[in-house]
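Report on the structure given below.
Numbering (my numbering), first residue to last: 331 to 759.
Structure (structure tokens):
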């Protein structure tokens, strides 16, 4: 009788552990979309408006709009995002104090301050390592995609090596044909591609003479996979002509809007990490003229992406995070040649996060009356990136596998860290 009781207890324990494990896996984020506002967006003109600071800090963008979450207001230039604030959270106290593009971009994407003697991998490379090929992802599309041009500030793969480098698509998804580099060759039909391959195979006499050679078998496999992307089902992920016109219109018929739509399709294909490298935010000159155009397309594209992911049941397992390497100077420089420009500002800026285990409808931290410095709850790059890793099921304190023989962790806190830690106040688990 005692044996039966112990057996039942053991079985119950195994069932509970298995259930907890399956629930944990089910709730983990499967994909991450990073919207990188290259050059740094102004916190005052987006998610942390300061209308009472006056014209020298707000310029013409001095109006706020209430969101669908009581008590949260954002800049009036973002009306579509205001309607879905319950689906994302705002971090108003990002900080690192670095005002140089390269150093700030490196810190924001790796969670490590520059100057250590090592080039650490970016968040995208780390997630590609832990959630890419052989780790639950078996797709034909590379596990780390950048739309459309490489970020270029540093080698995002770091010491992990070229296997974890992002695949930059090139091309422009708002054009009639999205010419993804290496997959779509403009002006060349499928029939021409097939004929070229047939000719190549006829000329490959060496491969035919030693068909069982391991190197040639590996080469042939790589060729098969390459042509599957060029001629098979995989390339359809990038074919936006398959989307209804009303969907494409909702995202916006511009580069950014259509990149957001491609990102959604890549999530549907199971790609673990997608970056939209969104340039044009480095507005030293005529800032407000640029913002008139950029904020409208940003508002439309990002709101459509978050809403679409939500409607399709993908937001719970997809993290969307959006910011640049820093913010912009709260005080506007009206003097020539800047004529209403904003400079670099790493002391206090904003980011937003949505989905994948992040709560919506919250605000983390607070800036001072002019948006210049953090007033409450400083959030450092490592706090944000560690939180994303945690929600992806990756322990930032576990060993980071590498072929360099380095004894290091995924993303540890530095010895002199003085912040308040990961964003547990907006993490569901």
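Think of the CB as a built atom: it goes at the ideal place given N, C-alpha and C, for glycine as much as any other residue. From a predicted model like this one, the values you see are computed outputs, not experimental measurements.
A residue is called buried once 16 or more other Cβ atoms fall within 10 Å of its Cβ, and residue 475 is buried on that count. When rounded, the separation of the alpha-carbon atoms in residue 507 and residue 566 is 11 Å. The Cβ neighbour count for residue 487, taken over all protein chains shown within 10 Å, is at least 16; the residue is labelled buried.
The segment 459-479 and the segment 415-426 do not touch, with fewer than three beta-carbon pairs separated by less than 8 Å. If you look at residue 588, you'll find it in the alpha helix (DSSP H) that goes 585-598.
When secondary structure is reduced to three states using DSSP, residue 565 falls in the helix class. Beta bridge pairing from DSSP links residue 746 with no other residue.
In this structure, residue 374 lies away from residue 676, with their beta-carbon atoms at least 7 Å apart.
Runs of the beta strand (DSSP E) lying entirely within the segment 422-505 and spanning at least 3 residues, in chain order: 474-477.
In the displayed model, residue 636 falls within a helix according to three-state DSSP. Listed in chain order, the alpha helix (DSSP H) elements of length 4 or more contained wholly in the segment 608-695 are 617-641. The C-alpha of residue 496 is placed about 36 Å away from the C-alpha of residue 402. Contact annotation: the segment 649-660 touches the segment 360-372, with at least three C-beta pairs closer than 8 Å.
Rounded to the nearest whole angstrom, the C-alpha separation of residue 451 and residue 740 is 9 Å. When the alpha-carbon of residue 493 is set against those of 459, 504, 634, the nearest one is in 459.
For residue 412, the enclosing alpha helix (DSSP H) starts and ends at 409-412.
The segment 565-583 makes no contact with the segment 436-453: fewer than 3 CB pairs, one atom from each, lie closer than 8 Å. Distances from the alpha-carbon of residue 437 to those of 711, 734, 737 put 711 closest. Under the three-state reduction of DSSP output, residue 705 falls in the strand class. Going by beta carbons, residue 585 and residue 638 fall outside the 7 Å limit.
Scanning 504, 599, 689, 541 for the CA closest to the CA of residue 588 turns up 504. A residue is called buried when at least 16 other Cβ atoms come within 10 angstroms of its Cβ; residue 729 does not meet this threshold and is exposed.
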